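Trainee:
Numbering (this note's numbering), first residue to last: 1061 to 1395.
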């Protein structure tokens, strides 16, 4: 990745992490119950201005945030999607959040991999064999349909931007999987064809969104206008491919998983084998492979996995940990 590409990745990672944590209390590390749009919006603005790559009001909120809350009494934020505009370039960045571990909806989407849904539901011109996971399907529908405080959907907003504008679609973890499906939906949306928008996509730490046919369709549609950034020590991008998921059992020699987790991994591999889950972007022009190293001082499997999935990306992309403020882990994860 060129210096310019690395700098853009640093900016995009910042945008993704800021949105990921925009419904989190930075003192306790706990998710905010029933967060208001105003709270989320202010947290995004604060996070951007406290981060090295986006400080000094380099981005403004152009649409959103659109906040989908869980249907239970706690109403944690299941999805947060926002459009940020660069003051310098005028480009737009569509950012959708990753997993909130307090959200039952997010956890459901993360783990609904046993069934594929045809992506033709979203892009009628693609092969009926191009499948996305049931979890990706639920999440993508939510992002598409959730409105901002003015009742406008994401597509409603994009219909109003200047023709030929550049739209960057960004996400980390679950947000990355959703971003890869969302960008294809937007690129092919009938209501946006007249605008001649240019779409790019950059994902970080994303699990597979769909099967090999979907991955091939993504590569064909997006090509060099997409980048998949992944850490070789992060277990999340290993899901849900039947072969790579098996690496989870041995990747951390100083922090091995329990026997119960190993049995679960074997079961996942067996279940996912006929589904042919595959990552897109396995070509040098489309991926940024970050060669991570296990943190030897972390001998707990969950802590090691958490470190590799979030803080390690900051360091591996050449930033310092304080360059993107992160909340402390909630008490249940810190122990």
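We treat Cβ as the ideally placed atom computed from N, Cα and C, and that holds for glycine. Note that the structure is a prediction, hence the values are computed from the model and not measured.
1. Quick one: grab the DSSP three-state call for residue 1117.
2. Just grab the DSSP bridge partners of residue 1270 for me.
3. If you draw a straight line from the C-alpha of residue 1154 to the C-alpha of residue 1126, how long is it?
4. Mind the definition here: the region 1075-1091 touches the region 1142-1158 only if three or more C-beta pairs lie below 8 angstroms; say whether that holds.
5. How should residue 1280 be labelled, buried or exposed, when 16 other C-beta atoms within 10 angstroms of its C-beta is the threshold for buried?
6. Roughly how many angstroms lie between the CA atoms of residue 1211 and residue 1180, to the nearest whole one?
7. Straight-line CA distance for residue 1168 to residue 1115?
8. Return the CA-CA distance between residue 1352 and residue 1381, expressed in angstroms with no decimal places.
9. With a cut-off of 8 angstroms on the beta carbons, I'd call residue 1103 and residue 1082 a contact; round off their distance for me.
10. With the cut-off set at 7 angstroms, would you say residue 1313 and residue 1359 are in Cβ contact?
11. Examine the Cβ distances between the region 1363-1370 and the region 1280-1296 and report whether three or more of them are shorter than 8 angstroms.
12. Are there three or more Cβ pairs, one per stretch, closer than 8 angstroms when the region 1269-1285 is compared with the region 1241-1261?
13. Please state whether the Cβ-Cβ distance between residue 1080 and residue 1232 is less than 7 angstroms.
14. When we look at the beta-carbon of residue 1369 and count the other beta-carbons within 10 Å, is it buried (16 or more) or exposed?
15. Are the CB atoms of residue 1107 and residue 1387 nearer to each other than 7 angstroms?
16. Hey, would you say residue 1124 sits closer than 7 angstroms to residue 1096, going by beta carbons?
17. CB-CB under 6 angstroms to residue 1270, same chain, minus the five flanking residues each way: which ones, in chain order?
18. May I ask you to list the residues that DSSP assigns as paired with residue 1230?
19. For the beta strand (DSSP E) containing residue 1177, name the first residue and the last one.
20. Would residue 1139 and residue 1229 qualify as a contact pair, given that the criterion is a beta-carbon distance under 7 angstroms?
21. When DSSP builds the beta bridges, which residues end up paired with residue 1092?
22. Does residue 1323 pass the burial test, meaning 16 or more other C-beta atoms within 10 Å, or should it be called exposed?
23. How many Å lie between residue 1306 and residue 1091 at the Cα?
24. Flag this pair as yes or no: are the beta carbons of residue 1263 and residue 1239 separated by less than 7 angstroms?
25. So what's residue 1111 in DSSP terms, helix, strand or just coil?
26. Name, in chain order, the residues that DSSP records as bridge partners for residue 1349.
Mentor: To lay it out plainly:
1. Under the three-state reduction of DSSP, residue 1117 is assigned to coil, being neither helix nor strand.
2. 1192 and 1338
3. 11 angstroms
4. Under the 8 angstroms Cβ criterion, the region 1075-1091 counts as touching the region 1142-1158, having at least three qualifying pairs.
5. exposed
6. Straight-line Cα distance between these residues: approximately 27 angstroms.
7. Note that residue 1168 has pLDDT 45, beneath the 50 cutoff, so the model's placement of it is unreliable and the number below is only indicative. Near 35 angstroms, if we compare the C-alpha coordinates of residue 1115 and residue 1168.
8. 15 angstroms
9. 4 angstroms
10. no
11. yes
12. Inter-segment contact for the region 1269-1285 and the region 1241-1261 is present: three or more beta-carbon pairs are separated by less than 8 angstroms.
13. yes
14. buried
15. no
16. no
17. 1191 and 1192
18. 1155 and 1262
19. 1176-1178
20. Contact: no.
21. Answer is none; residue 1092 lacks a bridge partner.
22. exposed
23. Taking the Cα positions, residue 1306 is about 31 angstroms away from residue 1091.
24. yes
25. coil
26. Beta-bridge pairing by DSSP links residue 1349 to 1290.
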